[in-house]
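Numbering (our numbering), first residue to last: 2 to 257.
Just so you know, even glycine gets a beta-carbon here, dropped at the ideal spot from N, CA and C.
Next comes the structure, spelled out in structure tokens:
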């Protein structure tokens, strides 16, 4: 059957390279509904409601701050070893439109646990709408993706096998979701060691969270404990920050 030959766009070429680099990572998944009742109450009353991506990025960073294994990479060169990072580096999947086509690019955010939630949210929102050349992460991705295939393969090989470069390229964890388009359980691939995805808020005020991880780094018991701690952080630290934000806004309004 005759078909139509279409050129592969730069963002789609990046995804192809990303999937090639993900081959061989022994991922295991754990899904659990998290009770986010207190977080929902605080978010509903917030002056500025942050997006769920920002909430989960900061919450996971707070959990990883006390759990070094969640900041650990597996590296093959110069010999197989673990590489522990001092801070968390998030890689967030950003849905965009480039050249009239839907695509996904990865936004890098360092040390989100030390940033105000409003700032993390602002960075993510900017990445959705700003020109790609204004976002350093996107510029790096597209510049590299324009290289010939053999050179790209060589650079990806180098990037995913040295601990320091692996962190620069793929971060310590990724966050992605299709919740904005309705319910659905996503099990993504990545060269990175941990990937968090989340669903929609259910009527019982729970939200399904899936963590996929490189089984060479840790086991299911550690991830189960991390999900329990994540639920606590969402309803305590994150909800508390939203309440404080509202209180400060009300105090400022009263003073003026």
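What beta strand (DSSP E) runs, 3 residues minimum, are completely inside the region 90-118? Segments of the beta strand (DSSP E) lying fully in the region 90-118: 90-99, 102-111.
By the 10 Å Cβ neighbour count, where 16 or more other Cβ atoms means buried, how is residue 5 classified, buried or exposed? As a first step, residue 5 is located in the chain shown; it is residue number 4 there, counting from the start. Residue 5 is exposed by the Cβ-count criterion.
Based on Cα-Cα distance, which residue from 161, 173, 200 lies nearest to residue 179? Working through the chain shown from its first residue, we reach residue 179 at position 178. Checked all of 161, 173, 200; the closest Cα to residue 179 is 200.
Taking its Cβ as the centre, do 16 or more other Cβ atoms sit within 10 Å of residue 220, making it buried, or is it exposed? Numbered from 1 along the chain shown, position 219 holds the residue referred to as residue 220. In this structure residue 220 is exposed. Its beta-carbon is surrounded by fewer than 16 other beta-carbon atoms within 10 angstroms.
Taking only runs that begin and end inside the region 199-223, name each unbroken beta strand (DSSP E) of 3 or more residues, in chain order. Those beta strand (DSSP E) runs which fall completely within the region 199-223 and span 3+ residues are 207-215.
Contact set for residue 16: own chain, Cβ-Cβ below 7 Å, skip 5 residues either direction: Here residue 16 corresponds to residue number 15 of the chain shown, with the count starting at 1. For residue 16, where only same-chain residues beyond five positions count, the Cβ hits under 7 Å are 105.
What does the alpha-carbon distance come out to for the pair residue 162 and residue 73? On the chain shown, residue 162 is found 161 positions in, with the first residue counted as 1. On the chain shown, residue 73 is found 72 positions in, with the first residue counted as 1. Rounded to whole angstroms, the separation of the alpha carbons of residue 73 and residue 162 is 13 Å.
Which residues in the same chain have their Cβ closer than 7 Å to the Cβ of residue 44, if we skip the five residues on either side of it in sequence? Residue 44 sits at position 43 when you count from the first residue of the chain shown. Same-chain partners within the cutoff: 50, 243.
Please list the terminal residues of the continuous alpha helix (DSSP H) segment that includes residue 76. Along the chain shown, one-based indexing puts residue 76 at 75. Where residue 76 is concerned, there is no enclosing alpha helix (DSSP H), although the beta strand (DSSP E) it sits in stretches over 73-76.
Alpha carbon to alpha carbon, how far is residue 164 from residue 83? Locating residue 164 in the chain shown gives position 163, counting from the first residue. Locating residue 83 in the chain shown gives position 82, counting from the first residue. Whole-angstrom Cα-Cα distance: 8 Å.
Would you mind giving the Cβ-Cβ distance between residue 64 and residue 197, rounded to the nearest angstrom? I have them listed as a contact below 8 Å. In the chain shown, residue 64 corresponds to position 63, counting from 1. In the chain shown, residue 197 corresponds to position 196, counting from 1. 10 Å between Cβ atoms; not a contact.
Taking the continuous alpha helix (DSSP H) assigned at residue 140, which residues delimit it? Working through the chain shown from its first residue, we reach residue 140 at position 139. Residue 140 -> alpha helix (DSSP H) spans 137-146.
So, for residue 202: in the same chain, excluding its five sequence neighbours on each side, which residues have a beta-carbon less than 6 Å away from its beta-carbon? In the chain shown, residue 202 corresponds to position 201, counting from 1. Result list for residue 202: 208, in chain order.
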